[in-house]
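A.B. asks: Below are the structure tokens for one structure; questions will follow.
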Amino acid sequence: MKRQAKRAIKSALRWATQPHVTVASLHSQLESLGLRKGSCLLVHASLSKLGFVRGGPATVIRAILEALGENGTLVMPSHTWKLTNAGSREFDVRNTPSLVGRISEVFRQRDDVVRSLHPSHSVCALGPLAEWIVEGHENAGSPCGAGTPYAKIMDVGGQILLLGVTLRRNTMFHAIETMANVPYLLKPHDDEFTVTDRHGVQHRLRFRCHAKAVPSRFDEMERLLEEWGVLRRGKTGATESRLIEAARLRNQLLPLLKRIPRFLLMDCDVGVDQPSCTVSRATNA
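Residues in the sequence shown are numbered consecutively from 2, following the working numbering.
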């Protein structure tokens with residue numbers, strides 16, 4: 002009850018003090034930001050940062066879907082790594098809630114959405130590419146690398162929308178770290194999980210999960226990504242959002258990480274503005 006009361010108070014304050022976000026206003030702002038109709042879009046989002054959203058998470062989801070059009074595919078993380086990090090070894094693709102925000106959880110609960118079968122870094126998807134995006138995630142050798150939804154989004158030239166959140170929430174960094182075979186990201190061993198699929202069938206599967214997080218400097222990458230022509234910023238409701246070209250991010254960052262494996266970490270002694278960070282713009286395509 003206390004949590005509900007706090008949420009109601011915060012909502013009332015947003016209504017009184019912040020911009021009112023509607024489907025039409027958010028749709029327009031997403032188009033201005035550069036969201037491509039018909040693209041495959043991965044969205045990390047914060048509802049509270051947008052202002053007062055009339056209709057809540059459903060309004061945000063509808064605005065994104067309208068901006069994408071009927072040929073677009075919307076993908077949202079439905080991560081549960083907080084549970085796996087706490088020792089849980091069970092995952093039910095139908096019932097285990099997303100732990101990365103209300104928008105993601107409301108999207109997960111839609112009847113027309115499919116979810117990938119991964120105990121820590123699952124995604125939910127809706128659109129023409131949805132089944133392909135989620136297919137085989139449980140067979141990939143890592144949460145975010147080759148064969149995962151994240152790699153597939155990059156392969157099809159999709160986009161990443163950080164809606165009211167910063168680069169610190171950009172899971173695609175972990176996908177590229179995996180491709181670069183950095184030494185710190187993954188555990189040295191597999192863990193066994195009981196995984197329940199969409200038909201209610203249980204499977205005993207082994208997954209190689211992420212090791213304990215190492216302090217990163219993801220947010221410090223913003224200026225560099227802008228210089229590469231990978232990232233754009235724009236107003237969305239009461240906050241600023243970021244739109245990233247997924248394939249361009251991979252093409253620019255992967256060679257750099259192969260040369261400097263700890264480049265994305267706080268303890269890296271190479272500054273983001275040093276000449277060694279320069280990658281030819283020819284790789285932008």
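Note that the Cβ used here is the ideal one computed from N, Cα and C, for glycine as well. The model shown is predicted, which means the values in this text are computed figures rather than measured ones.
So, are the CB atoms of Ala59 and Met155 less than 8 Å apart?
C.D. replies: no
A.B. asks: Check the C-beta distance from Leu162 over to Leu36 and give it rounded, since I have them as a contact under 8 Å.
C.D. replies: 7 Å
A.B. asks: Which complete beta strand (DSSP E) runs does the stretch 44-91 hold, if anything under 3 residues is left out?
C.D. replies: 74-78
A.B. asks: Looking at Thr197: is its Cβ nearer than 8 Å to the Cβ of Val115?
C.D. replies: no
A.B. asks: If we ignore side chains and look at the alpha-carbon of each, how far apart do Gly57 and Leu48 end up?
C.D. replies: 8 Å
A.B. asks: Tell me which residue opens and which closes the alpha helix (DSSP H) that Arg207 is part of.
C.D. replies: Taken as a continuous stretch (DSSP letters only), Arg207 belongs to no alpha helix (DSSP H), being part of the beta strand (DSSP E) at 203-208.
A.B. asks: Suppose you measure from the CA of Lys83 to the CA of Thr179; what does that come to, to the nearest Å?
C.D. replies: 20 Å
A.B. asks: Which two residues bound the contiguous alpha helix (DSSP H) that contains Ile261?
C.D. replies: Element bounds for Ile261: n/a, residue is neither H nor E.
A.B. asks: On the CB-based measure, 16 or more other CB atoms within 10 Å of its CB, does Arg282 come out buried or exposed?
C.D. replies: At Arg282, the pLDDT of 39 sits below 50, so the modelled position is not reliable; the number obtained from the coordinates is stated separately. That one is exposed.
A.B. asks: Would you mind sorting Ala286 into buried or exposed? The rule is 16 or more other CB atoms within 10 Å of its CB.
C.D. replies: For Ala286, the predicted structure reports a pLDDT of 32, less than 50, and the residue's modelled location is therefore unreliable. The matter cannot be settled from this model.
A.B. asks: Taking the C-alpha atoms as reference points, what is the distance between Ser242 and Arg55?
C.D. replies: 19 Å
A.B. asks: Beta carbon of His45, beta carbon of Pro78: below 8 Å?
C.D. replies: yes
A.B. asks: So, with DSSP's three-state summary, where would you put Gln30?
C.D. replies: helix
A.B. asks: Please identify the residue among Leu69, Arg218, Arg234 whose C-alpha is closest to the C-alpha of Gly1.
C.D. replies: As shown, the chain starts at 2 and ends at 286. That puts residue 1 outside it, with no answer to give.
A.B. asks: Would DSSP call Gln5 helix, strand or coil?
C.D. replies: Residue state, collapsed to three classes: helix.
A.B. asks: Measure the C-alpha to C-alpha separation of Glu106 and Gln275 and round it to an integer number of angstroms.
C.D. replies: Between Glu106 and Gln275, the alpha-carbon positions lie close to 40 Å from each other.
A.B. asks: Please check the pair Ser121 and Thr149, which I expect to be a contact at CB under 8 Å, by giving their CB distance rounded to whole angstroms.
C.D. replies: Wrong, their Cβ atoms sit about 11 Å apart, outside the cutoff.
A.B. asks: Please report the distance separating the alpha-carbon of Leu266 from that of Val215.
C.D. replies: 7 Å
A.B. asks: From the DSSP output, read off the bridge partner residues of Asp268.
C.D. replies: Residue pairing from DSSP leaves Asp268 without any beta-bridge partner.
A.B. asks: Please confirm if the stretch 125-143 is in contact with the stretch 68-76, defined as three or more CB-CB distances below 8 Å between the two stretches.
C.D. replies: yes
A.B. asks: Can you grab the Cα-Cα spacing for the pair Leu206 / Ala87, in whole Å?
C.D. replies: 18 Å
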